[in-house]
Amino acid sequence: MTTNTLHITVEPTTEFFESALEDIRQLEADEADGSEYVLSLPDEETLERVLRAKNIELIRMTATEEPESVRELARLVDRDIKNVSTALTRLEEIGLVELEDGGRAKRPTVWYDHVEIDIRLTLDGADDTDVAPA
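Under my numbering, the first residue of the sequence shown carries the number 576, and numbering increases by one thereafter.
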């Protein structure tokens, strides 16, 4: 079984742009393999908002139950359809969920079945000996 992994990283804006420039360079040089999808978030507060329990529940239920509509997903998680629709729209904006047009209803989908989160605890170049013990 193939695992499709979404990588989420927390990195400052400058590092994000450096990574983006390197990705562009690799694409232009035809060196990119396209096998990795990374969602870059600017700080831990954003990570916390994105991955709060109710959003994880929506993502997990979408992946496991494959609902045919937003209404069906709202029923599965026992939440108001308007709240679920708003949350899914926000998750779609950052690429965590896709809302496929299916006639009158939009069908939520996710392409990944695993999430890895990368949070750097120290800054590059920081000397660990300068940090006082807690």
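For each residue, glycine too, the CB sits at the ideal point set by N, CA and C.
Ala649 carries a helical assignment under DSSP once its states are collapsed to helix, strand and coil. With a cutoff of 9 Å on beta-carbon distance, Leu581 and Glu691 are scored as near each other.
Per the Cβ contact rule, the stretch 650-667 is in contact with the stretch 628-640 (3 or more Cβ pairs under 8 Å).
Separation of the CB atoms of Leu614 and Ile694 is rounded to 13 Å, and the pair is thereby denied contact status at 8 Å.
Here Thr637 is buried. Its C-beta has 16 or more other C-beta atoms within 10 Å. For Ala638, the enclosing alpha helix (DSSP H) covers residues Ala628 to Glu640.
Between the alpha carbons of Pro617 and Thr684 lies a distance of about 25 Å. Distance from the CA of Val645 to the CA of Leu622, rounded to the nearest whole angstrom, comes to 24 Å. Counting only residues of its own chain and dropping the five nearest sequence neighbours on each side, Thr578 has a CB closer than 8 Å to the CB of Asp688 and His689.
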